[in-house]
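Undergrad: Take a look at this one; I'll ask things after.
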Amino acid sequence: MPTAIVTGQPVPGSSLEGDLRSLGFDVRMAADTAEARNLITAAPADGRVALVDARFVGHPHALRLGLTDPRFPLAAVPGAVTAQGTARQTLSRALEGQDQTQDETGGGTAVAVDSLPDRLVTALDAEGTPVHRPELGSLVAAVPVDPQARNEARQAVLAVDEEDVRLKSAVKSRDGFFTTFCISPYSRYLARWCARRGLTPNQVTTASLLTALIAAGCAATGTRPGFIAAGVLLITSFVLDCTDGQLARYSLQYSTLGAWLDATFDRAKEYAYYAGLALGAARGGDDVWALALGAMILQTCRHVVDFSFNEANHDATANTSPTAALSDKLDSVGWTVWVRRMIVLPIGERWAMIAVLTAVTTPRITFYVLLIGCALAATYTTAGRVLRSLTRKARRTDRAAQALADLTDNGPISELLVRFVPRGRIRLPAPLYAVLGAVLLVAAAWFDGPGWSLTLATVVYVLLSAEAAARPLKGALDWLVPPVLRAAEYGTVLVLAAKADVNGALPAAFGLVAAVAYHHYDTVYRIRGDAGAPPAWLVRAVGGQEGRTLLVTVLAALLTASQFTVALTVIAVCVALLVLVESIRFWVSAGAPAVHDEGETA
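Numbering (my numbering), first residue to last: 151 to 752.
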């Protein structure tokens, strides 16, 4: 149980102790700094501790935001500060440095000099220690200096509907048009209903996954009633998907496992639904597996573009760009904000489109519209990011370069080539190496099909992809390397499976690409959680992107079409088992910080 230490003399009629207990704190009283320090030492070693001025006046939700958010080691609101994990030692050191002569009663203004928690925050700021301060908006958090100020603070608390603020803050500040206006107005009330019944975000996330899988099963029936039910259930799944994040924000139930489930289940739901549509079309005599696989590849590559660009510019310095300035100017005009958000076809608009098209048309038409829409969205976003990169003057850090290197997913063959093969005198930009290799590989697969010419093209591709990542990826457009390599690997599997022209080849390819894509998504979310890339042994075990590509093209040349289908299935199962077991092991026991997906709408 977390411990809250109330500093100073209790104030008659104050609800502070009850508010802290309602937030799950074990409340202790401390008359001075020395007693507060002793209580921190006596608190459970693995628990959160908070110091709160006895004269604090404010909304309980302001205390909740400041003292219970698990994502931040140190956090504060006026009159209160909290620490968890190793940050407790930092708080204790700051407490030791306080002048005990100032520590008589606590209390003061919102940032009063005689308020012990506020003095601690000031000391931490002076040390350069980051302290999270949540946006309170109209919520009140203050430490009044006299009875009149205390009465005014209490009146300010009564003047604000805390529950209304809490509900509004549960909704993402930046989201798509469909989600903002068609889902969030009622899903936040569903989130509150779940919170009051003790449901967790992970349970809602799981319910969303199960609903989407049932929707995929309905689509797989290949009947019009099944398609209609699938569309309705897909929208229901999306409502639950919005609800889990709103529930996490409403009750501050963030967790490492929850962040992973929320992120990966979104991909699993959408791609499972693609498979369900393909199965349903097959029941009606229409083979759309190539379209389903193409849609999954396009959507995955879109995400890799997003991830790579964001990681490349995560901590870039001198980050200026006329294109970015124009974008900000357009966002200052109300209607252009929503148009630009809809153009990129985020998850809300995309799922709504898929659901409606499933219910009223055929799987083939659904995939055609989806592919066209996603292709236009990908062109728009990628072109904008290329322009930003070319017009921006920025120095990218070693962290950004390492993140991009991890996202390339180069394996043992590339490692050996980089180590032992001499570098050429002509140094081309890294993206150019990747593009040349990708175009050569996919063109050979498309025009020549399985054979030794394709194998030779793959060898050249392996050399070029190794060359692309041989140097630190700090160039203006080096973030393009990972998505180009993803498109090359996935596209080759798609083309070869289509050319096999036997039953089961494309579904087997779908399974293989899904397993590999999961590995790539897992890499992304580890990096975003500051947990580093997957272990080197896993990357080597699944071959790296160049090893898998070489293996698939060699097998396509050596085996018959039926044998090649079996080989794709075996590879898919092996990759899936390896990456799933390691991923589940890591995320269940991870030491990564608790996060939640706040900004990604795709």
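Ideal placement from N, C-alpha and C gives every residue a C-beta, glycine not left out. Predicted model only: the values in this text are computed from it and were never measured.
#1: Taking Leu591 as the reference, which of Leu554, Pro581, Leu390, Thr642 has the closest Cα?
#2: Once DSSP output is grouped into helix, strand and coil, what is the label at His282?
#3: Should Thr218 and Leu402 be called a contact, given that it needs their Cβ atoms to be closer than 8 Å?
#4: Would you mind working out which of Arg269, Ile364, Ala230, Pro685 sits nearest Leu245, comparing C-alpha positions?
#5: Within the same chain, show all residues whose beta-carbon is closer than 7 Å to that of Ala193, passing over the 5 residues directly before and after it, in chain order.
#6: Using the DSSP secondary-structure output, state which residues sit across from Leu224 in a beta bridge.
#7: Which residue from Tyr424, Tyr421, Arg399, Gly395 puts its Cα closest to that of Asp412?
#8: Taking the CB atoms as reference points, tell me whether Ile504 and Leu520 lie closer together than 8 Å.
#9: Which residues does DSSP pair with Leu201 in a beta bridge?
#10: Taking the beta carbon of Val571 as the centre, do at least 16 other beta carbons fall within 10 Å, making it buried, or is it exposed?
#11: What does the alpha-carbon distance come out to for the pair Ala595 and Trp602?
#12: Using the C-alpha atoms, what's the distance from Gly444 back to Leu557?
#13: Taking the beta carbon of Pro375 as the centre, do at least 16 other beta carbons fall within 10 Å, making it buried, or is it exposed?
#14: To which residues of the same chain is Leu363 closer than 7 Å at the C-beta, ignoring the five residues directly before and after it?
#15: Quick one: measure Cβ to Cβ for Leu623 and Ala551, integer angstroms, because I've assumed they're closer than 8 Å.
#16: If I follow the unbroken beta strand (DSSP E) through Asp176, where does it start and stop?
#17: Thinking C-alpha only, which one of Ile190, Leu173, Gly174 is nearest Ala180?
#18: Between the segment 325-334 and the segment 484-501, can you find at least three pairs of beta-carbon atoms closer than 8 Å?
#19: Hey, quick one: how far does the alpha helix (DSSP H) through Ala366 stretch, first residue to last?
#20: Should the segment 621-635 be called in touch with the segment 430-442, which here means at least 3 C-beta pairs below 8 Å?
#21: Would you call Pro162 buried or exposed, if buried means 16 or more other Cβ atoms sit within 10 Å of its Cβ?
#22: Can you tell me the Cβ-Cβ gap for Ala320 and Tyr400, rounded? I've got them flagged as a contact below 8 Å.
#23: Please list the terminal residues of the continuous alpha helix (DSSP H) segment that includes Lys419.
#24: Beta-carbon within less than 7 Å of Gly694's beta-carbon, same chain only, minus the 5 sequence neighbours each way: which residues are those?
#25: Whole alpha helix (DSSP H) runs in the segment 573-651 with 4 or more residues, listed along the chain?
#26: Whole angstroms is fine: what's the gap from Arg535's alpha carbon to Arg205's?
#27: What is the DSSP secondary structure of Trp737, reduced to helix, strand or coil?
#28: Would a check of beta-carbon distances place Phe327 closer than 8 Å to chain E?
#29: Would DSSP call Gly163 helix, strand or coil?
#30: Rounded to a whole number of angstroms, what is the C-alpha to C-alpha distance between Ala711 and Ala618?
#31: In the segment 303-351, which residue ranges form an unbroken beta strand (DSSP E) of at least 3 residues, counting only runs that do not cross its ends?
#32: Does the Cβ-Cβ distance between Leu289 and Val271 come in under 8 Å?
#33: Just curious, the alpha helix (DSSP H) that Ala527 is in, first and last residue?
#34: Check each candidate in Tyr671, Leu166, Ala195 and name the one with the smallest Cα separation from Ile447.
#35: Determine the DSSP secondary structure at Leu659, reduced to helix, strand or coil.
#36: Opposite Val389 in the DSSP bridges: which residues?
TA: Quick answer:
#1: For the options Leu554, Pro581, Leu390, Thr642, the alpha carbon positioned closest to that of Leu591 is the one of Thr642.
#2: Three-state result, His282: strand.
#3: For Thr218 and Leu402, yes; Cβs fall inside 8 Å.
#4: Checking every option, the nearest Cα to that of Leu245 belongs to Arg269.
#5: Only Thr153, Val199 meet the Cβ criterion.
#6: Leu224 is bridged by DSSP to Ala233.
#7: When only C-alpha atoms are compared, the closest one is Gly395.
#8: Yes, they are a contact pair.
#9: BP columns for Leu201 point to Ile155, Val231.
#10: Of the residues assessed, Val571 falls on the exposed side of the cut-off, its CB having fewer than 16 other CB atoms within 10 angstroms.
#11: Using only the alpha carbons, I get a separation of about 11 Å.
#12: Rounded to the nearest angstrom, the two C-alpha atoms are 21 Å apart.
#13: Its Cβ having fewer than 16 others within 10 Å, Pro375 is exposed.
#14: So the list reads Ala422, once near-sequence residues are dropped.
#15: Their Cβ separation, rounded to whole angstroms, is 5 Å, which keeps Leu623 and Ala551 in contact under 8 Å.
#16: If you look at Asp176, you'll find it in the beta strand (DSSP E) that goes 176-180.
#17: Looking at Ile190, Leu173, Gly174, the one whose alpha-carbon comes closest to that of Ala180 is Ile190.
#18: Between the segment 484-501 and the segment 325-334 there are three or more inter-stretch CB-CB distances shorter than 8 Å, so the stretches are counted as touching.
#19: From DSSP, the alpha helix (DSSP H) with Ala366 extends over 351-369.
#20: These segments do not touch.
#21: Exposed, because fewer than 16 other Cβ atoms sit within 10 Å of the Cβ of Pro162.
#22: Correct: roughly 4 Å between the Cβ atoms.
#23: Run containing Lys419: 406-433, per the alpha helix (DSSP H) assignment.
#24: Within the same chain, and ignoring the five residues on either side of Gly694 in sequence, the residues whose Cβ sits closer than 7 Å to its Cβ are Asp559, Asn560, Gly561, Pro562, Ile563, Ser564.
#25: Whole alpha helix (DSSP H) segments, 4+ residues: 580-597, 602-618, 631-650.
#26: Whole-angstrom Cα-Cα distance: 50 Å.
#27: Trp737: helix per DSSP, three-state reduction.
#28: The chain labelled as chain E is not found in the depicted structure, where only one protein chain is given.
#29: Coil at Gly163, not helix or strand.
#30: When rounded, the distance between both Cα atoms is 33 Å.
#31: Those beta strand (DSSP E) runs which fall completely within the segment 303-351 and span 3+ residues do not exist here.
#32: No; because the gap between Cβ atoms is not below 8 Å, this pair is not in contact.
#33: Start and end: 513-541.
#34: Taking only the C-alpha atoms, the option nearest Ile447 is Tyr671.
#35: The sequence given here has Ala at residue 659, not Leu. In the structure shown, Ala659 sits in a helix (DSSP, three-state: H, G or I).
#36: According to DSSP, Val389 bridges with nothing at all.
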